[in-house]
Amino acid sequence: MRLRALLETDALGLRLLGGQDELDRTVRGVMTTDLRDPSRYLSGGELVLTGLAWRRTPEDSEPFVRLLAGAGVAGLAAGEAELGAIPDDLVGACARHRLPLFAVHETVAFASITEYVVRRVSGERAGDLAAVVDRHRRLMTSGPAGGGPEVVLDLLGTDLDMRAWVLSPTGRRIAGAGEPLSTGAGAALAAEHLAATRGGRRAPHRVALGGTTYSLFPVRVPGHAASPGGRAGELRERALSDWLLAVEADAGEWGAPRLDLLQGVTQLIAVERDRRDVARTVRRRLAQEILELLQSGAPPAEIAARLRVAAPVLLPGRGTAPHWQIVVARVDWDGEGESGAVAQSLLEEILVDPVAAGLESGDRIAVAHTGGEAIALVPVPAPDPTEDEDGEGTEATGPGGLQADVLLAAVREPLTAGLADDGRLTLGVSAPVQSAEGLRGALEEARHARRVAAARPGRVCAAGHHELASHVLLLPFVPDDVRRAFTARLLDPLRDYDRRHRAELVPTLEAFLDCDGSWTRCAARLHLHVNTLRYRVGRIEQLTGRDLSRLEDKLDFFLALRMS
């Protein structure tokens, strides 16, 4: 705003005492002071308000005004309440230094002038920034952006004094201006945002964290398809996939223009999100091709050829062939089945190092989804003995590649909030394998680990290959035709009998083995009389030709149930 605007507002009750030719100066802020030397607190462009308590003698006016002029203030407004009239020595000093001087009537509070100036300055800054945002949006939609969302977040900081960050659904910092959020703050803000979204609260969401108020705006990419679950399903999907803009300010105190401006900023960031998703399709396609080869039983040589194509994309600049790990994730909704697309989006985010900021930090992750599962092919560089002689590895990967518990440590809080009381995420991690021959077994191993995680309580659970029992560790490497023949020979007679007679021989067999062959404990678990249990076990032995008192036959049944 210009100084001239102060005289055009009757409610302020200001009279111009000098500086008629300087009224086109720009006012960038306001400061109230009675210090003899306030220059250390001035940055230029302020309207300074003073009650003249600093003036003890006429000689005090000259050095006071000289300091203000040297600091580049826009003007001085002096109150009449203290002395009744503005002293001539102050008027003269302002004239000599070409500093506009206003008199403030004793009935006008400095707070009224401060509120007026702040409101005008903020509104004009917001208008200027809105124009910049609009220009930048046109640039980003027509071609490569210079700097991406960082540029706009810088403008929010410099022009509106607002610190802001773009966060992923797990709270990872994607972009931000100035200092990063404190440790754990990103995850806490993401959790609050997800909980508010799942609860149906209208954005922006205002959150108090550590004595600071934040306003959270969803960053929504236009055109994302709704899930088959309709409106409720779409809400869940958006909650777990949208980025968010966290602003260190209370949006409840803003007017409509500033809210509109921040909505424009989120739309601008959404352009970058959409571009990132388009770029990620190449890696998704590579993963999908390899997954289809694994599931179709393709020869290892064909899988190895496809891996050679994927390696430069997923691990650029490295000459050594990496090890590979497979991670399987599944998102299930109570009563509505699974969502492979949501699991894919979440797995892509989970696999990014939580301390890695930026848009491109997930460039070495390829995730496909088939049915209700998301399956990631993760390159793990072969250990360099010159870099890590103790073999301990980093916290993220550990000595044996990716670690299931570490993957979820930083994201459990926000994802639990996003899944609310009707969703569940389970995740399994395979051991690293060195060649295409091992990938099929790694896929089965990761699936087994995910089933182990699914047996645990909690909304977000994971298990790794090291948690699998030794016999389970071997099962993924048994050829499919052998598995089918083995399980059919032992279990098909029991299943046929159950189907014809509505019996429960297969559940009885499972319970009997779980109870280590104890008749009493098994009968109690199934709520049967021991004689009834003995009849059922006898029928199992008759149909299969096996003897459940023999260890070998017990073990065969146990493995058949695990492989089925």
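The numbering used here runs 1304 ahead of the 1-based position in the sequence shown.
Glycine residues also receive a C-beta, built at the ideal position from the N, C-alpha and C atoms.
Open item on the list: I'd like to check one pair, residue 1379 with residue 1403: are the Cβ atoms closer than 8 angstroms?
Closed with: Translated into the one-based positions of the sequence shown, residue 1403 becomes position 99. Translated into the one-based positions of the sequence shown, residue 1379 becomes position 75. Yes.
Open item on the list: In this structure, how does DSSP classify residue 1341 when only helix, strand and coil are distinguished?
Closed with: The count along the sequence shown starts at 1 and reaches residue 1341 at position 37. In the displayed model, residue 1341 falls within coil according to three-state DSSP, outside both helix and strand.
Open item on the list: Rounded to whole angstroms, what is the Cα-Cα separation between residue 1821 and residue 1794?
Closed with: On the sequence shown, residue 1821 is found 517 positions in, with the first residue counted as 1. On the sequence shown, residue 1794 is found 490 positions in, with the first residue counted as 1. For residue 1821 and residue 1794, the gap between their C-alpha atoms comes out near 18 angstroms.
Task: Within 8 angstroms, strictly: CB atoms of residue 1412 and residue 1316 - done: Residue mapping note: residue 1412 aligns to position 108 of the sequence shown, counting from 1. Residue mapping note: residue 1316 aligns to position 12 of the sequence shown, counting from 1. Yes; because the gap between Cβ atoms is below 8 angstroms, this pair is in contact.
Task: Local conformation of residue 1746 per DSSP, three classes - done: On the sequence shown, residue 1746 is found 442 positions in, with the first residue counted as 1. Reduced to three states, the DSSP call for residue 1746 is helix.
Open item on the list: Can you tell me whether residue 1350 is helix, strand or coil according to DSSP?
Closed with: To locate residue 1350, count along the sequence shown from 1; it is residue 46. Of the three classes helix, strand and coil, the one that applies to residue 1350 here is strand, per DSSP.
Open item on the list: For the ligand NAP, is there any heavy atom lying closer than 7 angstroms to the beta carbon of residue 1768?
Closed with: Questions concerning the ligand NAP fall outside what the structure shown contains, since it holds no ligand whatsoever.
Task: N-terminal and C-terminal residue of the alpha helix (DSSP H) that residue 1649 is part of - done: Walking along the sequence shown from the start, residue 1649 turns up at place 345. Here the alpha helix (DSSP H) through residue 1649 covers 1644-1654.
Task: Other residues of its chain near residue 1592: CB distance less than 7 angstroms, five sequence neighbours each side excluded - done: The sequence position of residue 1592 within the sequence shown is 288, counting from 1. Within the same chain, residue 1592 has close Cβ partners 1672.
- [ ] Output yes or no for whether 8 angstroms exceeds the beta carbon distance between residue 1737 and residue 1753.
- [x] The sequence position of residue 1737 within the sequence shown is 433, counting from 1. The sequence position of residue 1753 within the sequence shown is 449, counting from 1. Going by beta carbons, residue 1737 and residue 1753 fall outside the 8 angstroms limit.
- [ ] Name, in chain order, the residues that DSSP records as bridge partners for residue 1549.
- [x] Counting from 1 along the sequence shown, the entry for residue 1549 is found at position 245. As DSSP reads the structure, residue 1549 sits in a beta bridge with 1470 and 1521.
Open item on the list: Measuring only the C-alpha atoms, how far is residue 1839 from residue 1707?
Closed with: For this step, residue 1839 is matched to residue 535 along the sequence shown. For this step, residue 1707 is matched to residue 403 along the sequence shown. Distance from the CA atom of residue 1839 to the CA atom of residue 1707, rounded to whole angstroms, is 46 angstroms.
- [ ] Determine the contact status of residue 1550 and residue 1493, defining contact as a CB-CB distance below 8 angstroms.
- [x] Looking up residue 1550 in the sequence shown gives position 246. Looking up residue 1493 in the sequence shown gives position 189. Yes, they are a contact pair.
Task: Pairwise C-alpha distance: residue 1414 and residue 1365 - done: Position 61 of the sequence shown, counted from the first residue, corresponds to residue 1365. Position 110 of the sequence shown, counted from the first residue, corresponds to residue 1414. Approximately 20 angstroms, taken between the alpha carbons.
Task: Per-residue DSSP class, three states only, for residue 1689 - done: What you label residue 1689 is simply residue 385 of the sequence shown in a count that begins at 1. Reliability of the predicted coordinates at residue 1689 is poor, the pLDDT of 49 falling under 50, and the value obtained from them is presented with this limitation in mind. In this structure, residue 1689 counts as coil in the three-state DSSP scheme.
Open item on the list: Given a cut-off of 8 angstroms on the beta-carbon distance, is the pair residue 1313 and residue 1420 in contact?
Closed with: Against the sequence shown, residue 1313 aligns to sequence position 9. Against the sequence shown, residue 1420 aligns to sequence position 116. Taking 8 angstroms as the Cβ cut-off, residue 1313 and residue 1420 qualify as a contacting pair.
Open item on the list: Can you tell me where the alpha helix (DSSP H) holding residue 1677 begins and where it ends?
Closed with: Position 373 of the sequence shown holds residue 1677. Looking at the DSSP string, residue 1677 is not in any alpha helix (DSSP H); the run it does join, the beta strand (DSSP E), is 1677-1684.
Task: Coarse secondary structure for residue 1627, derived from DSSP in three states - done: Locating residue 1627 in the sequence shown gives position 323, where the first residue counts as 1. In this structure, residue 1627 counts as strand in the three-state DSSP scheme.
Task: Start and end residues, beta strand (DSSP E) containing residue 1722 - done: For the purposes of this step, residue 1722 is taken as the residue at position 418 of the sequence shown. Where residue 1722 is concerned, there is no enclosing beta strand (DSSP E), although the alpha helix (DSSP H) it sits in stretches over 1716-1723.
Task: Bridge partners - residue 1320, DSSP secondary structure assignment - done: Within the sequence shown, the letter at position 16 stands for residue 1320. In DSSP, residue 1320 forms a bridge with 1406.
Open item on the list: Going by C-alpha to C-alpha distance, which of 1571, 1729 and 1603 sits closest to residue 1635?
Closed with: Here residue 1635 refers to the residue found at position 331 of the sequence shown. That would be 1729, whose Cα lies nearest to the Cα of residue 1635.
Task: Nonlocal neighbours in the same chain, by C-beta distance under 8 angstroms from residue 1653, ignoring five residues either side - done: Residue 1653 sits at position 349 when you count from the first residue of the sequence shown. Cβ neighbours of residue 1653 beyond the five flanking positions: 1472, 1473, 1474, 1476, 1666 and 1715.
Task: residue 1862 to residue 1719 span [Cα, whole Å] - done: One-based indexing of the sequence shown puts residue 1862 at position 558. One-based indexing of the sequence shown puts residue 1719 at position 415. Distance between the alpha carbons of residue 1862 and residue 1719: 35 angstroms.
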